[in-house]
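Everything on this sheet refers to the single structure shown next.
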Amino acid sequence: MRDAYLVGAGQSDYGAFPAESYRSLFRTAFDAATDSVPKGLEAGDVDEAFVGTLGVGGRQLGLSGPAVTEHVGLDGVPTTRVENACAASGFAVRQAVQAVKSGMADVVLAGGFEIMSDMSSDATKYWLGVSGETEWERLSGTTFSGVYAQMASVHMEQYGTTREHLSRVAVKNHENGAKNPHAQLGFECSLEDAQSAPVVADPLNLYHCCPTSDGAACALIVSEDVVDEYTDDPIRVAGVGAGSDTVGLFQRDTYTGIPASQRAGEQAYEMAGVDPDDLDFAEVHDCFAIAELLAYEDLGFCETGEAGQLIESGATEIGGELPVNTSGGLKSKGHPIGATGAGQVVEAYKQLSGNAGERQVEAPTRGLTHNVGGSGGAAVVHVFEREERRSSRNSSAHRAREKEQEVSA
Numbered sequence: 088m089r090d091a092y093l094v095g096a097g098q099s100d101y102g103a104f105p106a107e108s109y110r111s112l113f114r115t116a117f118d119a120a121t122d123s124v125p126k127g128l129e130a131g132d133v134d135e136a137f138v139g140t141l142g143v144g145g146r147q148l149g150l151s152g153p154a155v156t157e158h159v160g161l162d163g164v165p166t167t168r169v170e171n172a173c174a175a176s177g178f179a180v181r182q183a184v185q186a187v188k189s190g191m192a193d194v195v196l197a198g199g200f201e202i203m204s205d206m207s208s209d210a211t212k213y214w215l216g217v218s219g220e221t222e223w224e225r226l227s228g229t230t231f232s233g234v235y236a237q238m239a240s241v242h243m244e245q246y247g248t249t250r251e252h253l254s255r256v257a258v259k260n261h262e263n264g265a266k267n268p269h270a271q272l273g274f275e276c277s278l279e280d281a282q283s284a285p286v287v288a289d290p291l292n293l294y295h296c297c298p299t300s301d302g303a304a305c306a307l308i309v310s311e312d313v314v315d316e317y318t319d320d321p322i323r324v325a326g327v328g329a330g331s332d333t334v335g336l337f338q339r340d341t342y343t344g345i346p347a348s349q350r351a352g353e354q355a356y357e358m359a360g361v362d363p364d365d366l367d368f369a370e371v372h373d374c375f376a377i378a379e380l381l382a383y384e385d386l387g388f389c390e391t392g393e394a395g396q397l398i399e400s401g402a403t404e405i406g407g408e409l410p411v412n413t414s415g416g417l418k419s420k421g422h423p424i425g426a427t428g429a430g431q432v433v434e435a436y437k438q439l440s441g442n443a444g445e446r447q448v449e450a451p452t453r454g455l456t457h458n459v460g461g462s463g464g465a466a467v468v469h470v471f472e473r474e475e476r477r478s479s480r481n482s483s484a485h486r487a488r489e490k491e492q493e494v495s496a
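Every letter in the sequence shown is one number past the one before it in this note's numbering, and letter 9, counting from 1, is 96.
Right, here's the structure in full:
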């Protein structure tokens with residue numbers, strides 16, 4: 088199969104925007120993505136589109152994909168709406184990669200959006216709850232914070248993880264988010280602030296939980312046959328992995344890991360031919376502080392039970408051995424459910440392009456994104472790799488033309 092490349096990515100600000108619609112936010116993200124392509128990319132170049140959204144609030148549940156793509160000038164382009172809870176646009180990116188690799192398309196848009204701020208807190212809880220196990224967990228009164236609190240409690244009991252470890256995740260991600268102009272909660276917090284916040288679901292407090300957000304994000308994936316038309320510094324989609332699991336936490340054999348993430352990570356590493364030690368940065372799904380710690384272990388950044396030690400060591404800070412959530416993560420940057428996975432790819436694109444500003448990791452060549460749906464019912468991982476500067480003579484299309492000429496001669 089052909090190689091797939093990331094040539095552009097962009098997002099809207101994340102936050103609460105009563106004057107914006109889901110269409111206008113998607114337009115902002117789409118324009119930012121096309122503007123980021125080094126040699127430019129026009130709407131007419133796009134062959135196909137995949138758009139992730141949960142549909143919070145019930146707006147445009149049917150045909151929500153075409154509703155946003157026609158708004159940005161892609162009327163007539165085949166568009167598929169992808170729903171996989173919080174992993175919706177992460178899976179949209181995966182679908183885009185598959186479309187390119189299979190030869191079905193040369194230029195594919197993968198994006199996502201969500202509006203979450205225009206309803207009551209009760210309504211928001213309802214829409215968040217639809218991604219949980221609705222027959223048993225939700226009807227018994229369990230919330231998402233409650234589910235992740237159970238994970239945190241067991242991890243603390245089994246491995247000695249502490250509330251301070253959870254709070255250090257918040258402090259790190261807020262420090263990074265304060266340097267991100269798109270972040271919803273773009274301010275720093277002290278360890279004392281993060282430890283003394285009101286309890287939401289013991290042991291998780293307010294600083295251990297991400298906000299609900301409005302926002303949109305887009306990524307542009309192209310084939311090796313056309314990549315030279317868009318950039319001289321290609322970023323290859325080196326690895327892709329995905330997994331699913333039981334929707335309900337109570338149905339699983341473990342509370343201290345997310346098997347779907349483990350499977351997705353293993354597949355992505357194998358496809359890319361790399362190990363966790365080969366990564367220069369990672370964007371992981373930190374909907375709650377414990378989720379980031381679980382990701383450290385599930386993705387092989389440390390051994391099982393050692394995530395608390397890893398965050399305490401400073402290794403996952405910018406300037407550390409493996410910076411994690413340089414964007415601020417879901418915790419600080421925000422979590423517009425349908426946009427989150429594509430938003431992680433935006434940060435990967437900026438880091439690998441050297442355009443992450445104050446958050447820039449030194450000379451990265453390889454990064455990972457990790458997007459989870461619900462409490463682990465679905466997960467998707469991508470590994471992105473910066474290639475050496477290339478000329479158009481290295482493209483497969485050019486090589487094919489040379490071969491045709493040789494045969495004709």
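Beta carbons: idealized from backbone N, C-alpha and C, even for Gly.
Query: Cβ contact check for the region 341-356 and the region 230-248: 3 or more pairs under 8 Å; Result: yes
Query: DSSP beta-bridge partners of Ile308; Result: Leu93 and Val195
Query: Member of Cys374, Ala378, Asp373 and Gly352 whose CA lies at the smallest distance from the CA of Leu366; Result: Gly352
Query: Alpha-carbon to alpha-carbon, Pro290 and Glu474; Result: 43 Å
Query: N- and C-terminal bounds of the alpha helix (DSSP H) containing Asn267; Result: Counting along the chain, Asn267 falls outside any alpha helix (DSSP H), and DSSP gives it neither H nor E.
Query: Reduced DSSP secondary structure (H/G/I, E/B, other) of Ser331; Result: strand
Query: Per-residue burial, Ser495 [other beta carbons within 10 Å of its own, 16 or more giving buried]; Result: Caution applies to Ser495, whose pLDDT of 48 falls short of 50 and renders its modelled position unreliable; the model cannot decide the point.
Query: Exposed unless 16 or more other CB atoms sit within 10 angstroms - verdict on Tyr92; Result: buried
Query: Three-state secondary structure assigned by DSSP to His422; Result: coil
Query: Reduced DSSP category for Arg339 - H, G, I as helix; E, B as strand; rest coil; Result: coil
Query: Simplified DSSP state of Glu434, which is helix, strand or coil; Result: helix
Query: Contact between the region 309-324 and the region 112-123 (3+ Cβ pairs under 8 Å); Result: no
Query: Top-ranked residue by Cα proximity to Ala468, from Gly444, Arg181, Asn260 and Gln282; Result: With the sequence shown as reference, residue 468 is identified as Val, and Ala is not the correct amino acid for it. The residue with the shortest Cα to Cα distance from Val468 is Arg181.
Query: Ala179 vs Phe231 beta-carbon contact at 7 Å; Result: no
Query: Residue closest to Gln438, alpha-carbon to alpha-carbon, out of Asp373, Ala378, His422 and Phe368; Result: Phe368
Query: Rounded separation between Gly499 and Lys126 - CA only; Result: Residue 499 lies beyond the stretch modelled for the chain, which goes from 88 to 496, so this question has no answer here.
Query: Segment contact flag, the region 150-166 with the region 406-422, C-beta cutoff 8 Å, min 3 pairs; Result: no
Query: Endpoints, alpha helix (DSSP H) assigned at Glu157; Result: From DSSP, Glu157 is part of no alpha helix (DSSP H); its letter is neither H nor E.
Query: Burial state of Ser482, where buried means 16 or more other Cβ atoms lie within 10 Å; Result: Interpretation of Ser482 is limited by its pLDDT of 48, a score under 50 that renders its predicted location unreliable; the figure taken from the coordinates is listed afterwards. So Ser482 ends up on the buried side.
Query: Counted within 10 angstroms of its Cβ, other Cβ atoms place Pro105 as buried (16 or more) or exposed; Result: exposed
Query: Collapsed DSSP secondary structure at Ile322 in the structure displayed; Result: strand
Query: Cβ-based burial, Arg488 [other Cβ within 10 Å; buried from 16]; Result: Reliability fails at Arg488, whose pLDDT of 40 lies under 50, so the model's placement of it is uncertain and the value that follows must be treated cautiously. Result: exposed.
Query: Helix, strand or coil at Leu257 according to DSSP, with G and I counted as helix; Result: What sits at residue 257 in the sequence shown is Ala, not Leu. Here Ala257 sits in helix by DSSP.
Query: Cβ neighbour criterion (16 or more within 10 Å) applied to Ser208; Result: exposed
Query: Cα-Cα separation between Val470 and Val184, rounded to whole angstroms; Result: 12 Å
Query: Segment contact flag, the region 422-435 with the region 190-207, C-beta cutoff 8 Å, min 3 pairs; Result: yes
Query: Beta-carbon proximity check, Gly95 vs Val124, cutoff 7 Å; Result: yes
Query: Member of Tyr246, Ser277 and Gly247 whose CA lies at the smallest distance from the CA of Val258; Result: Ser277
Query: Cα-Cα separation, Gly102 to Ser204; Result: 8 Å
Query: 7 Å CB neighbourhood of Ser310 in its chain, flanking five on each side removed; Result: Arg89, Ala91, Val187 and Asp193
Query: Reduced DSSP secondary structure (H/G/I, E/B, other) of Asn481; Result: Summary for Asn481: the model assigns pLDDT 49, below 50, so the residue's position carries little reliability, and this model does not support an answer.
Query: Rounded separation between Gly177 and Cys389 - CA only; Result: 24 Å
Query: Neighbourhood of Ala465 by C-beta distance below 8 Å, restricted to the same chain and skipping five residues each side; Result: Asn171, Ala172, Ala174, Phe178, Ala329, Gly330, Ser331, Asp332, Ala347 and Val459
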